[in-house]
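Visitor: Before I ask anything, let me first share the structure, which is written out below as structure tokens.
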Amino acid sequence: MASFFFNSLKIRCYISLILACILVPQALAFESSMFTSRVRGVFFKNHKSRFSRPFAGFGLQLSKTSNDQGIDENTNEYLVQQRLAVEAAKRQTRKDALEEDKQRNLRLKRLLHTEANAESSDVSETGFAIPKMYQIRVSVDQELRQELKMNGREKRGRVFIEKDTDGCLTLKGLKFEMHAFFRALKKSTYLLSANLPTVLDDGSIFSPGDEKSMVEGVDPYAEFWDIQSDEDVLNTFQKADEFFNTYNSEIEEDDAKRLKRPSILIHVRKDPNAPPPPPPPAYLENMENPKETNTMTMLSFYSFPPGGVKDPEEFALFLRKAWKPFDALGRVYVAKEGINAQMSIPTNVLANFRQCCLAIPELGEYMENDINIDPIPLTMEEFAVSGDMDGKPCPPFRNLHVRVRQQIVADGLDHELDWESAGYDMPPMEWHQKLKEAREAKESGRKNEAPLIFDCRNDYETSVGIFEGAEPLNTENFRESWEVFAEKLKDKPKDTPIMTYCTGGIRCVKVGAYLTQEMGFTNVSRLAGGIIAYDRTLNDQAPEEEPMFKGTNYVFDGRVGREITKDALGDCITCGGKTNLLSNCMNTNCHKRMVQCDKCRDTFLGTCSETCKNRVENKEKSFFERKAPRSAAKCETLDDYALAHSTKPMNLYEEIKKNTAEFMGSGYHMISDTVQGRLLCNLASMSREGRVLEIGAFTGYGTCCFLEGANNAAQAIDYEATGTREKGPFVMSLERDPRAIDLTSSHVSIMASAGLGEEGASKAAAMRSSGLSSVTDSSLSYSYEKAGCEVVKVTDALAFVEGITNGIDNQDVNPFDIVFIDADKTRFLDYVEACLVNDKLLKKGGIMLVDNVLWKGVVLDVNNGTLEDKPDGLDAQEVKKSRRARKLANAVHDFNSAIVNDDRVEVQLLNMRDGISIIRKK
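In terms of mature numbering (1 follows the signal peptide of the UniProt record, and there is no 0), the sequence shown is residues -29 to -1, 1 to 893.
If you want it as structure tokens, here you go:
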């Protein structure tokens, strides 16, 4: 086998194909599509001038209602694809800018290097005309360095600019060139001034800003002129040219003081007229350090600002920036209709956070009932374990996520309502009194005087907590509410008093708007701030009062539920007992919201059923116990990575490689490598009976691989005896080279007697000191566990196999599952024909493996007509070798072209090592 680079990236595709070739006569065709989308461009504007984003947007477009993947613009998926596309375009823009800088710098380095090595400053050694360049020595004043926190490297430096480029023609171009080195300058407004250089006796240029040369009370830049326009830039570089020509005309050619190129001194200083940075917002003044807080406060709020949010993406970015100083955590949804937030805030900055929210126009006065704040802050210890993640304690929130959505609460309506007209927003204490009165009315027989009270939450929420006298809608999601209201209120007078509530009040805004605007009810009220505000207000203003809400309030954070009273209203999902405990199924692929008691939670490992419990147990036993630490070894190439993450072959194979190098010398490159050997072994393992004919054994590496695979096949089919010529797992290996026969028989003998492990490897290694024994027999038989093997010495392998095919010799040999051909390249077609002419040599549906079908890559030249007939510059011996190589390359190409057009077979040529064709006999 000739050595050729093996592309291990394709190995998975190869195995899939091989399975199809061996096991399925007609492979099924699968189609897969990659999710792609063209996303509408988003153009950012400054949000009320509070933050600037110097980013224009991208020409990415989605159609109004659908794109190639059928994504509706009115879905969250559409918005996500929008955002991802914009972020990807931003990353690409930054990447392109960095690449442009990199290429510019590399070009300058090459020019400087070429110039340094050239005999002439104008032309390189190869005749390349070297462009003229200017050397700019830049210094930055101390005040500006401190303001921009510039590092020592950016105190002063050199910039090289090619002549006649923008850098020496315009002020903008000059600043761009300087920013490549002094990147911090991009963030500031600054002034430039320039002067011509002073050349010292050693040829170096004097730097006036050097501390060593500073004279107290003397401004070293007093004689510099300002650069404020394109005209100033042109004049500056013109002066540099004139100084260069005049100065060098007075200096001898070999004088060290001679300048190599025109030079300019440029000084960068702070613009005294630049506007000062804006002062920090008032709500950040004297604010405590949020990292020093002892407690965290849970809160929520929502807002439906008039006119909505004009640019949700921009507003979401603004909120992330505005809330960053508070170390805020939580989940916030932003849509055109408004904002919905559930958050955790360090208690020591809670007042500052509230001031911040009030200062934001889209929140401020439009936050209904201000911010809903949980009455009892959580200590940091409590906060760390008050949430639930897959049945394990965790913080309610770990990060701050501000996400853009189509709606802040998905309502399923086909048109938007006026959220400002949503009924009466009833304060919590008034609500409390109304419920007490309704209870008294029902208890005294005046049921008709009591209002209708609706719990607008979903069934899993109402199952563990509800207001006295309230009627649940029993919906699985909020979108189902409208049909339920239509049924419950179909016969009610339009002036019927209706009271609604939900967790934080936001759903009731939509319910109130729907009941008044779509259904025409005139006496609709809603609990201001929802259950959260009721809980806090009752605790603050009337802690002695009995809560009218019974049980647990489901909340949308990691805590899942907040217990308000001890009442157990829910039915355990597994035992049916009463409980008020809410959780999510610990099987992450289920994650079902559920009510479950403590006892069942322990019994079922936090899962909802025996099925999910079994899945969790299996997951813990299998994956987590088998999961190994990542290897610290580095892989230089993907081939190295593929080998490192493949099953390592047994020890004997490495010794076979070493013996081949020892005894075959220059022929070592012909041996199968590790990956190809594993492929041969797996092919034999997957064959029907483990019967392999190998034409061309070389030193036995492939023979042992086939024999190992044949034994695997024996175990798979529970073969009881040892395979022979007539039946069962069996490898017959043909070879004509006596030296190769000696090595193959020795290696197979060791495998048969000592195995593939350490014992076999030791015996193979000993061959290099004891020497190689010669084989005189024409045929040697071995067995490795259940697989038989015969190594046959032949003078003409093709005549041998044709004798089997024609039934004139070796009639006791039954057909094989696999025929491996690594023999005379000029007779490849004859070997294949012997396999196809009938089924005596190769079974119907069997495969042929033909090696070296890329022939060192020369087949590509043959195919393209670029193979030289008589290469120049070769001696007689090399010409002879070249003539043979061309002959074999042409023969291999002819074989490849013929076999792919043969209707009796299906062919896949794999680009691994020197190429191997898998040919399935139909």
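Glycine included, every Cβ here is placed at the ideal spot set by N, Cα and C.
Write down the C-beta distance between residue 230 and residue 215 rounded to the nearest angstrom, noting that I regard them as a contact closer than 8 Å.
Guide: With 8 Å as the limit, residue 230 and residue 215 qualify as a contact, their Cβ atoms being about 6 Å apart.
Visitor: Thinking residue 332 and residue 305 are a contact (beta carbons under 8 Å), I'd like their distance in whole angstroms, please.
Guide: At roughly 14 Å, the Cβ-Cβ gap does not stay under 8 Å, so residue 332 and residue 305 are not in contact.
Visitor: As an exercise, report each continuous beta strand (DSSP E) stretch of at least 3 residues that is fully enclosed by the stretch 210 to 238, in chain order.
Guide: You should have found no qualifying run.
Visitor: For residue 81, count neighbouring C-beta atoms within 10 Å of its own C-beta (all shown protein chains included) and say buried if the count is 16 or more, exposed if not.
Guide: The residue in question, residue 81, is exposed, as its Cβ has fewer than 16 Cβ neighbours within 10 Å.
Visitor: Excluding the five sequence neighbours on either side, which residues of its own chain have a C-beta within less than 7 Å of the C-beta of residue 200, listed in chain order?
Guide: These residues qualify, in order along the chain: 142.
Visitor: Contact defined as beta carbons within less than 8 Å: I believe residue 406 pairs with residue 427. What is the distance between those atoms, to the nearest angstrom?
Guide: With 8 Å as the limit, residue 406 and residue 427 do not qualify as a contact, their Cβ atoms being about 16 Å apart.
Visitor: Please look up how many angstroms separate the CB atoms of residue 627 and residue 690, rounded, as I've assumed it's under 8 Å.
Guide: No, residue 627 and residue 690 are not in contact; Cβ-Cβ is about 26 Å, not under 8 Å.
Visitor: Tell me which residues share the same chain as residue 524 and place their Cβ nearer than 6 Å to its Cβ, disregarding the 5 neighbours each side in the sequence.
Guide: Around residue 524: 436, 502, 533, 535.
Visitor: DSSP three-state label for residue 748, please.
Guide: Residue 748: coil per DSSP, three-state reduction.
Visitor: DSSP three-state label for residue 485, please.
Guide: Helix at residue 485.
Visitor: Do the stretch 270 to 278 and the stretch 306 to 316 touch if we need at least three Cβ pairs shorter than 8 Å?
Guide: These segments touch.
Visitor: Could you give the DSSP three-state label for residue 703: helix, strand or coil?
Guide: Correct three-state label for residue 703: strand.
Visitor: Taking DSSP as the reference, what is the three-state secondary structure of residue 914?
Guide: Because the chain spans -29 through 893 in this model, residue 914 falls outside it and cannot be assessed.
Visitor: Going by the CB atoms, is the gap between residue 764 and residue 899 shorter than 9 Å?
Guide: Outside the shown range of the chain, which is -29 to 893, sits residue 899, and nothing can be said about it.
Visitor: Less than 8 Å between C-beta atoms, sequence neighbours within five positions excluded: which residues of the same chain meet that for residue 1?
Guide: Only weak support is given to the placement of residue 1: the predicted model assigns it a pLDDT of 32, under 50, and the value that follows is read from those uncertain coordinates. Closer than 8 Å at Cβ, skipping near neighbours: no residue.
Visitor: Rounded to whole angstroms, what is the Cα-Cα separation between residue 411 and residue 430?
Guide: Residue 411 and residue 430: Cα-Cα distance of roughly 27 Å.
Visitor: Assuming residue 409 is part of the alpha helix (DSSP H), what are its boundary residues?
Guide: Per DSSP, residue 409 belongs to the alpha helix (DSSP H) from 399 to 414.
Visitor: Compare the Cα-Cα distances from residue 854 to each of 867, 829, 873, 835 and report the closest residue.
Guide: The candidate whose alpha carbon is nearest that of residue 854 is 829.
Visitor: Could you tell me which uninterrupted beta strand (DSSP E) segments, each at least 3 residues in length, are contained entirely in the stretch 249 to 288, listed from first to last along the chain?
Guide: Qualifying beta strand (DSSP E) stretches, in chain order: 266 to 274.
Visitor: Considering only their Cβ atoms, is the gap separating residue 825 from residue 718 smaller than 9 Å?
Guide: No, the Cβ-Cβ distance between residue 718 and residue 825 is not below 9 Å.
Visitor: Return the residue from the list 303, 346, 337 that minimises the CA-CA distance to residue 321.
Guide: Checked all of 303, 346, 337; the closest Cα to residue 321 is 346.
Visitor: Would you mind reading off the limits of the alpha helix (DSSP H) that contains residue 193?
Guide: Where residue 193 is concerned, there is no enclosing alpha helix (DSSP H), given that its DSSP letter is neither H nor E.
Visitor: Should residue 819 be labelled buried (16 or more other beta-carbon atoms within 10 Å of its own) or exposed?
Guide: Buried, by the Cβ-count rule.
Visitor: In angstroms with no decimal places, state the Cα-to-Cα distance between residue 894 and residue 662.
Guide: Not covered by the structure: residue 894. The range shown for the chain is -29 to 893.
Visitor: Indicate whether at least one CB of chain B lies closer than 9 Å to the CB of residue 564.
Guide: Protein chain content of the structure displayed is limited to a single chain, and chain B is not contained in it.
Visitor: Can the beta-carbon of residue 176 be found less than 9 Å from the beta-carbon of residue 149?
Guide: No, the Cβ-Cβ distance between residue 176 and residue 149 is not below 9 Å.
Visitor: For residue 249, is the classification buried or exposed, using 16 other Cβ atoms within 10 angstroms of its Cβ as the cut-off for buried?
Guide: Flag for residue 249 reads exposed.
Visitor: Considering only residues of the stretch 647 to 687, which uninterrupted alpha helix (DSSP H) runs meet the minimum length of 4 residues and lie entirely inside it, listed in chain order?
Guide: Correct list: 672 to 687.
Visitor: Which residue from 336, 654, 776 puts its Cα closest to that of residue 676?
Guide: It is 654.
Visitor: According to the Cβ coordinates, are residue 161 and residue 179 closer than 9 Å?
Guide: No, Cβ-Cβ distance for residue 161 and residue 179 is not below 9 Å.
Visitor: Distance, Cα to Cα, residue 64 vs residue 879?
Guide: Going from the Cα of residue 64 to the Cα of residue 879 covers about 42 Å.
Visitor: Of the choices 132, 586, 643, whose alpha-carbon is the least far from that of residue 234?
Guide: Comparing Cα positions, the closest option is 132.
Visitor: Quick check on residue 295: does DSSP put it in helix, strand or coil?
Guide: The answer is helix: DSSP assigns residue 295 an H, G or I state.
Visitor: Kindly indicate the opening and closing residues of the beta strand (DSSP E) around residue 165.
Guide: Start and end: 161 to 166.
Visitor: Taking the alpha-carbon of residue 721 as reference, which of 755, 115, 295 has the nearest alpha-carbon?
Guide: Of 755, 115, 295, the residue nearest in Cα terms is 755.
Visitor: For residue 369 versus residue 460, is the C-beta spacing smaller than 9 Å?
Guide: Going by C-beta atoms, residue 369 is not nearer than 9 Å to residue 460.
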